[in-house]
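Numbering (UniProt numbering), first residue to last: 1 to 204.
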């Protein structure tokens, strides 16, 4: 693995590229910590967290459209994220904000969500990975990070997984911040894009 320097980079910026498990010993400790963080996050998300995000409240059998979000469920999910210890307050606040926006858009009929259909704010993929499936049930064990840029205590990078050729073009953007010596997730690409879609829908 290579540590790439550039005269134009800020003094406290380092750029590394992690592409395989065998190269982990050659990259800085922060890069190892970030890869471990991502693997732990997705292990937690896929096995320890109650599944489903932004779930609508139940409606009567003779109704066709959802009226609001299940806010009790949303609060439970938000609390799970906060208690996990993997995320900054900024990420928890964004997750909570997204739920409140979706609930507001439903109650105000800014968009219509018909029972049995995909939510109108969805792009058809899992917001946690922008994917519809994974290479395996334990995909988190094979996650690798790459294109890491670390400036002071903020890291930007993408993750992918060592899988077959069908996944060669897959990547997912992440921002992390070091708090008291521990890296935590600040933002995930899927949630940032969801916020953008919701904002665009409000302008229509």
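Ideal Cβ positions, reconstructed from N, Cα and C, are used throughout, including at glycine.
Small disclaimer: the values here were computed from a predicted structure and weren't measured.
Practice item. Name the two residues that bound the continuous beta strand (DSSP E) containing residue 156. Key: 154-161
Review point. Cα separation between residue 63 and residue 122?
Key: 22 Å
Exercise for review: Starting from residue 172, follow its DSSP beta bridges and name the residues at the other end.
Suggested key: 159
Point to revise | When 132, 124, 31, 102 are compared against residue 200, the one with the closest alpha-carbon | key: 102
Check your understanding: To which residues of the same chain is residue 106 closer than 8 Å at the C-beta, ignoring the five residues directly before and after it?
Key -> 56, 66, 67, 68, 69, 113
Check your understanding: Does any heavy atom of the ligand MN sit closer than 7 Å to the C-beta of residue 67?
Key -> No copy of the ligand MN appears in this structure; indeed no ligand is present at all.
Point to revise | With 16 other Cβ atoms within 10 Å as the buried cut-off, status of residue 53 | key: buried
Exercise for review: Check whether the Cβ atoms of residue 41 and residue 86 lie closer than 8 Å to each other.
Suggested key: yes
Point to revise | Cβ-Cβ separation, residue 195 to residue 94 (assumed contact under 8 Å), whole Å | key: 7 Å
Review point. Can you check whether the CB of residue 173 is closer than 8 Å to the CB of residue 88?
Key: no
Review point. Whole-angstrom Cβ separation of residue 91 and residue 150, contact assumed at under 8 Å?
Key: No, residue 91 and residue 150 are not in contact; Cβ-Cβ is about 18 Å, not under 8 Å.
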